[in-house]
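Undergrad: Following this message is one structure expressed as structure tokens.
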Amino acid sequence: MRSVRGFTLGVAALVALVPSAHASVCQAPPGRSAIVEYCESVPSAKKTAHRTHSAVPPSTRRALEHAGPAGAAVLTLASNGPRAKRHVARAPASPPAAVSGLSSSLGRVGSVGSLLLWVLIAVAVVLAAAALVLRRRRASAG
Amino acid sequence: VTVRRTVLTVLAAAVAALAFARPAAALAPLHVGYADDLFLGADADAWLSRAHSDRATVVRVIMNWAFVAPTRPADPTNPADPAYNWTTWDQFVVRAHQRGLTPLMVVIGAPPWAEGPHRDPSAATGSWRPDAQAYGAFATAAARRYSGSFGGLPRVRYWQAWNEPNLAYAITPQWNGATPESPEIYRALVNAFYAGVKAAVPSDLVVAGATAPYGCPGVCGAIQPMTFWRALLSKPTYFDIWDHHPYGLAGGPASHALNANDITVPDMGKLGKLIAAAVRRGTARPAHRKQAWVGEISWDSSPPDPRGVPLAKQARFLEGALYLLWRQHVSTVAWFQIGDSPPNPSYAATSQGGTYFVDGRAKPSDKAFRFPFTAYRKRAGVSAAWGMAPKAGTVLVQRRTRGRWRTIARTRAGRSRVFLRSVRVRAGAVLRARAAGRTSLTWRVGLDG
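Line by line, the protein sequences give chains A and B.
Heads up: the first sequence is residues 12 to 153, going by my numbering.
Heads up: the second sequence is residues 2 to 450, going by my numbering.
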């Protein structure tokens, strides 16, 4: 049980780190994320709070909410972690080549980070559910 | 007195009849077409035939200046100068003409001999401070060749000066410190191009801008289109038609750009106002009303691009974009592209926005292109049923009720094929149009606005 909880917290910590890589400086038209020229810069988080989307979709959010303390920890970290800070600190002011390189590298990291994020969240949910089941079985056995 | 009264009454009745008859006839036309260099390739005949059967009118292709003129011509305004190689475009113009399609030539890409001094080695090929005088001379040669009176070649009437000049792949440098520089470079290019085309054929029309939709709010490799146009039109600039490429994000054609200086579909009117103001001010020349065109727009579809929008949504976005652009007085829209690009090097780096898959199979968006139909809500309970019928004639607007289609309105499409009719329907109603024995795709009211 302790090892399961420890692993879950480890996953949660990783999830907290992933959003910083996941945060992107722009939004691309669907299917054209590698074409940096057609990427629209996302305005500052303060100005466009209504446009920013949570890193956790509603279905996953619901699953995490019902996954006990570990799920809540994952949800908190995924929703309010470094991602929000990243939005404030990404005003582009570099010369063309540097920004172009930065944008494309962030785009690549973003797509990999996105996949990793969902895998980690899924693992966390499964582990949290397993922990709950184990706890209930032990409680009923005791 | 009686005779006078009778005449006045008859006149009043005639005026009233004209006023009532006007709406169907007065609807502005929308010319639709495709922007795709498949029209220049090995299968050009097949793709041009598909465009024709789709009822496209405009076919937009790139004419690469560096390809036509790899070495400096001795007589640059002479289309027969031996330095020029026009073969690809000669074939295209003939094939387009055979099918009754209207070509739009986009002249871009400076040859090495026409780029400016002190070239930045990182600048994109053909983008570095192109020589405006040489560009103007090339425009004269091209317009003369396709004037309709040279070597039996058909005429090309529409000429576009460069493409997406607010992006660094097209023009460098974009900035000089914190000051936009590409508008200055582009103004010299478009003015020389305009003079060059008009010197050859005064009735040819020059398209300017063709700006990309997004830029950075600060200094980077892309200038936001509103910023670009403001800087461009701060001094006299010559063109007949303005063009912009309002590629949208996942939200679809009704979604505004996130930034005030970026332009997506519903923001086109804002750019139109800026240009109209420049005409009044005397910096957008000559002083006549400028046509608004969209030379490129599309959304990638899934399949084949795993990150694209579903096929049905792509079709709906196409129809929505056409209506919303028409409503903002855009007169020509070229969809980018007719056929998907192969995923080389990746789907993310290429366009799968075609109305056909790479193997020539039609997508649902092809049906949407042939017979677009939308019903955006005007106000509670009333929608504007808009579309482009296959041909002029009666159009039925139908609603699906308990699995059966019932006609709820009848209207008429004029020669332009465009029709518009208010219909009383609630959100969620499923509509379609029928005309000339064909049916449009269905449209669910209120899904996108």
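No residue lacks a Cβ here, since even glycine has one placed at the ideal position from N, Cα and C.
What does P365 (chain B) touch in chain A if you count any residue whose Cβ is under 9 Å from its own?
TA: In the second sequence, residue 365 (chain B) corresponds to position 364, counting from 1. Chain A residues near P365 (chain B): none, gap ~16 Å exceeds 9 Å.
Undergrad: Tell me which residue opens and which closes the alpha helix (DSSP H) that H53 (chain B) is part of.
TA: Start at 1 with the first residue of the second sequence, and residue 53 (chain B) comes out as number 52. H53 (chain B) -> alpha helix (DSSP H) spans 45-54.
Undergrad: Any beta carbon from chain B within less than 8 Å of I148 (chain A)'s own beta carbon?
TA: Against the first sequence, residue 148 (chain A) aligns to sequence position 137. Correcting the residue type first, residue 148 (chain A) is Arg in the shown sequence and not Ile. It does not; no Cβ of chain B falls within 8 Å.
Undergrad: Spell out a yes or no on whether the stretch 184-200 of chain B and the stretch 247-255 of chain B are touching, meaning 3 or more CB-CB pairs, one atom from each, closer than 8 Å.
TA: The stretch 184-200 of chain B, when compared against the stretch 247-255 of chain B, does not touch it at the 8 Å Cβ threshold.
Undergrad: Smallest Cα separation from R231 (chain B): which of B:H257, B:F358, B:N167, B:V266?
TA: Sequence index remark: in the second sequence, residue 231 (chain B) carries index 230 (1-based). Closest by alpha carbon: B:N167.
Undergrad: Classify T180 (chain B) as buried or exposed, calling it buried when 16 or more other Cβ atoms lie within 10 Å of its own Cβ.
TA: As a working mapping, residue 180 (chain B) is identified with position 179 in the second sequence. Counting Cβ neighbours within 10 Å, T180 (chain B) comes out exposed, since fewer than 16 surround it.
Undergrad: Chain A partners of W160 (chain B), CB-CB under 7 Å?
TA: Within the second sequence, numbered from 1, the residue matching residue 160 (chain B) stands at position 159. Here the premise fails: no neighbours, minimum Cβ distance about 24 Å.
Undergrad: Can you confirm whether T440 (chain B), when its beta carbon is compared against all beta carbons of chain A, has any partner nearer than 8 Å?
TA: Counting from 1 along the second sequence, the entry for residue 440 (chain B) is found at position 439. No, T440 (chain B) lies away from the interface with chain A (no Cβ there is under 8 Å from its Cβ).
Undergrad: If you measure beta-carbon to beta-carbon, which residues of the stretch 308-321 of chain B are closer than 8 Å to chain A?
TA: Here the close residues are R308, G309, V310.
Undergrad: Can you tell me which of the three DSSP states D82 (chain B) falls into?
TA: If you number the second sequence from 1, residue 82 (chain B) lands on position 81. D82 (chain B) falls in the coil class under three-state DSSP.
Undergrad: Quick one: residues in its chain with C-beta nearer than 6 Å to the C-beta of P174 (chain B), no 5 flanking neighbours on either side, listed in chain order?
TA: Here residue 174 (chain B) refers to the residue found at position 173 when the second sequence is read from its first residue. Taken in chain order, the residues that qualify are E182.
Undergrad: Is DSSP giving T88 (chain B) helix, strand or coil here?
TA: For the purposes of this step, residue 88 (chain B) is identified with residue 87 of the second sequence, where counting begins at 1. Note: T88 (chain B) maps to helix in three-state DSSP.
Undergrad: V136 (chain A) touches chain B at which residues, Cβ-Cβ below 7 Å?
TA: Translated into the one-based positions of the first sequence, residue 136 (chain A) becomes position 125. Within 7 Å Cβ-Cβ: nothing; V136 (chain A) doesn't reach chain B, min ~24 Å.
Undergrad: Compute the minimum distance between the beta carbon of K314 (chain B) and the heavy atoms of the ligand NAD, and state whether it is under 7 Å.
TA: Summarising the ligand content, the structure contains no ligands, and the ligand NAD is consequently not present.
Undergrad: Below 8 Å on the Cβ atoms is my contact criterion, and I expect A162 (chain B) with V108 (chain B) to pass it. Report the Cβ-Cβ distance as a whole number of Å.
TA: Along the second sequence, one-based indexing puts residue 162 (chain B) at 161. Along the second sequence, one-based indexing puts residue 108 (chain B) at 107. Indeed they touch by this definition, with Cβ atoms about 7 Å apart.
Undergrad: Residues in the same chain with beta-carbon distance under 8 Å from R317 (chain B), minus the five sequence neighbours each way, listed in chain order, please.
TA: Position 316 of the second sequence, counting from 1, holds the residue named residue 317 (chain B). Within the same chain, R317 (chain B) has close Cβ partners G253, A369, L442, W444, L448, D449.
Undergrad: If you draw a straight line from the C-alpha of G101 (chain B) to the C-alpha of V266 (chain B), how long is it?
TA: On the second sequence, position 100 is the one that residue 101 (chain B) refers to. On the second sequence, position 265 is the one that residue 266 (chain B) refers to. Distance between the alpha carbons of G101 (chain B) and V266 (chain B) is about 29 Å.
Undergrad: Output needed for G438 (chain B): all residues of its chain with C-beta closer than 6 Å, excluding positions within five of it in sequence on either side, in chain order.
TA: Your numbering for residue 438 (chain B) matches position 437 in the second sequence. Excluding positions up to five away in sequence, the list is empty.
Undergrad: Please report whether the beta-carbon of A335 (chain B) lies at a distance below 8 Å from any beta-carbon of chain A.
TA: Taking the first residue of the second sequence as position 1, residue 335 (chain B) is located at position 334. Chain A, which has no Cβ nearer than 8 Å to the Cβ of A335 (chain B), makes this no.
Undergrad: Name the chain A residues whose beta carbon is nearer than 7 Å to that of S347 (chain B)?
TA: Your numbering for residue 347 (chain B) matches position 346 in the second sequence. Going along chain A in sequence order, the residues near S347 (chain B) (Cβ under 7 Å) are A45.
Undergrad: Chain A beta carbons: is any one of them nearer than 8 Å to that of Y187 (chain B)?
TA: Position 186 of the second sequence, counted from the start, is the residue given in the question as residue 187 (chain B). So, not an interface residue.
Undergrad: Check this for me: beta carbons of Y239 (chain B) and P287 (chain B), under 8 Å apart or not?
TA: Counted from its first residue, the second sequence places residue 239 (chain B) at position 238. Counted from its first residue, the second sequence places residue 287 (chain B) at position 286. Contact flag set, yes.
Undergrad: Excluding the 5 residues flanking G34 (chain B) on each side, which residues of the same chain have their C-beta closer than 6 Å to its C-beta?
TA: Mapped onto the second sequence, residue 34 (chain B) falls at position 33. If we look at G34 (chain B) and ignore the five residues flanking it on each side, its Cβ neighbours are A57, T58, V59, V60, A335.
Undergrad: Measuring alpha carbon to alpha carbon, tell me which residue in B:L259, B:A285, B:Y159, B:R120 is nearest R188 (chain B).
TA: In the second sequence, residue 188 (chain B) corresponds to position 187, counting from 1. Closest option to R188 (chain B), Cα to Cα, is B:A285.
Undergrad: Determine, using beta carbons only, whether A36 (chain B) comes closer than 8 Å to chain A.
TA: Counting from 1 along the second sequence, the entry for residue 36 (chain B) is found at position 35. Not closer than 8 Å to any Cβ of chain A, the Cβ of A36 (chain B) fails to qualify, so no.
Undergrad: Under 8 Å, CB to CB, which of the residues in the stretch 235-255 of chain B have a partner in chain A?
TA: Answer set for the stretch 235-255 of chain B: Y248, G249, L250, A251.
Undergrad: Check whether the stretch 119-134 of chain B and the stretch 78-92 of chain B touch, using three or more Cβ-Cβ pairs below 8 Å as the test.
TA: Verdict: no, contact absent.
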